[in-house]
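Numbering (the working numbering) for the sequence shown: 439 to 715. Heads up, the beta-carbon is just placed ideally off N, CA and C, and yes, glycines get one too. One structure is given here, and the rest of the page talks about it.
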Amino acid sequence: MTPFDHIYDQPDPRAYFRALGPLEYQAPHHGQGIFRRALTARGQQGRAAEPETVLDICCSYGINAALLNHEVTLDELYAHYTSPQATALTTAELIEWDRNYYAARRRHDAARVIGLDAATNAISYARAVGLLAEGFAENLETLPPSPSLLRAVQHTRLITITGGSTFLSPRTFQPLLACAHEPVWVAALVLRTSSYTSIAACLASYGLVTEKATAHTFPQRRFTDADEQQYAVHAVTAGGEDPYGKETDGYFHASLHLSRPPEDVMAFPLADLMASA
Numbered sequence: 439m440t441p442f443d444h445i446y447d448q449p450d451p452r453a454y455f456r457a458l459g460p461l462e463y464q465a466p467h468h469g470q471g472i473f474r475r476a477l478t479a480r481g482q483q484g485r486a487a488e489p490e491t492v493l494d495i496c497c498s499y500g501i502n503a504a505l506l507n508h509e510v511t512l513d514e515l516y517a518h519y520t521s522p523q524a525t526a527l528t529t530a531e532l533i534e535w536d537r538n539y540y541a542a543r544r545r546h547d548a549a550r551v552i553g554l555d556a557a558t559n560a561i562s563y564a565r566a567v568g569l570l571a572e573g574f575a576e577n578l579e580t581l582p583p584s585p586s587l588l589r590a591v592q593h594t595r596l597i598t599i600t601g602g603s604t605f606l607s608p609r610t611f612q613p614l615l616a617c618a619h620e621p622v623w624v625a626a627l628v629l630r631t632s633s634y635t636s637i638a639a640c641l642a643s644y645g646l647v648t649e650k651a652t653a654h655t656f657p658q659r660r661f662t663d664a665d666e667q668q669y670a671v672h673a674v675t676a677g678g679e680d681p682y683g684k685e686t687d688g689y690f691h692a693s694l695h696l697s698r699p700p701e702d703v704m705a706f707p708l709a710d711l712m713a714s715a
């Protein structure tokens, strides 16, 4: 896969949107409706009337939090961050502009979102503009979580991932699930070029059943070149999936994997949560 490391830890997200816009990167858009419906279902389980806590892994600049908690679309964010007005601002000016932008669009049912990402600058930006209640620049693949992270995620009800699952393993999930005060739901959009098997097995050890949505996949982004497309087609085929009409048409595709306690699988069918996907 083409590396985009240079855009993930800038002082603000303008380079991110400039680079990924032409490639039609859209994973957070697909997650927006699914995550909102998942939170609605969790809220029907008789908990206190307080904001639900969501942990967004590989949160980058807080884009999933922006889409979850605000009346805004991903296309509008592309337009916002690539506009002449945004281009002319310093990072400090952009942060102030974004504070007002998101405050004016805040939903009444906003969740408390905690962000986890190895990119220090991205986390700092997301916190500065008010997208994250708390943010942690940590890589649990290489180091154990800090005590402050473990304290912050104790009341997590939903874990979300729209990018980065390819680079994750049980090492990231084990300490987070071990410290949770109650079973969590884990909703992940996973590229079809990679396997989710080891993570699903880890989640199963904490009592979570993983369902994969097989009737629908989600375009993630266009390929950067023919080599990347060839890699994807071969990887998808090797994994037992059919790339025809998906990767063969020029896009990475992702599948939804949703992990929950067995009783929640029965109470909230996956098809209902996918209803508008």
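Just to check my reading of the structure: residue i and residue j have Cβ atoms closer than 8 angstroms, yes? What is that Cβ distance to the nearest angstrom?
i, j, result
"His508", "Arg544", "6 angstroms"
"Asn559", "Asp447", "5 angstroms"
"Thr604", "Ser632", "4 angstroms"
"Ala670", "Phe690", "6 angstroms"
"Glu572", "Ile552", "5 angstroms"
"Glu490", "Gly481", "6 angstroms"
"Leu711", "Ala476", "6 angstroms"
"Pro451", "Tyr519", "6 angstroms"
"Glu488", "Arg660", "Contact doesn't hold; Cβ gap of about 41 angstroms is too wide."
"Leu627", "His467", "No, Leu627 and His467 are not in contact; Cβ-Cβ is about 10 angstroms, not under 8 angstroms."
Could you give the first and the last residue of the continuous alpha helix (DSSP H) run that contains residue i?
i, result
"Asp536", "529-541"
"Thr558", "558-566"
"Gly514", "For the record, residue 514 in the displayed sequence is Glu; it is not Gly. Start and end: 512-519."
"Thr478", "465-481"
"Thr610", "608-617"
"Tyr446", "That residue, Tyr446, is in no alpha helix (DSSP H); it is neither H nor E in DSSP."
"Phe455", "452-458"
"Pro583", "Neither: Pro583 is in no alpha helix (DSSP H) and is coded neither H nor E."
"Ala709", "708-711"
"Ala524", "522-525"
According to DSSP, which residues form a beta bridge with residue i?
i, result
"Gly573", "Gly553"
"Val591", "Paired residues: none, contrary to the question."
"Asp494", "Gly553, Thr598"
"Ala626", "Ile599, His695"
"Arg544", "His508"
Locate the beta strand (DSSP E) running through residue i, then write down its first and last residues.
i, result
"Ile501", "Element bounds for Ile501: not the beta strand (DSSP E) but the alpha helix (DSSP H), 501-507."
(message) At 4 residues or longer, what runs of the alpha helix (DSSP H) sit wholly inside the segment 629-703?
(response) Considered as a whole, the segment 629-703 harbours 635-642, 664-676 as its complete alpha helix (DSSP H) runs of no fewer than 4 residues, in chain order.
(request) Flag this pair as touching only if the segment 615-626 and the segment 505-519 have three or more C-beta atom pairs under 8 angstroms; answer yes or no. (result) The answer is no - the segment 505-519 does not touch the segment 615-626, with fewer than three Cβ pairs under 8 angstroms.
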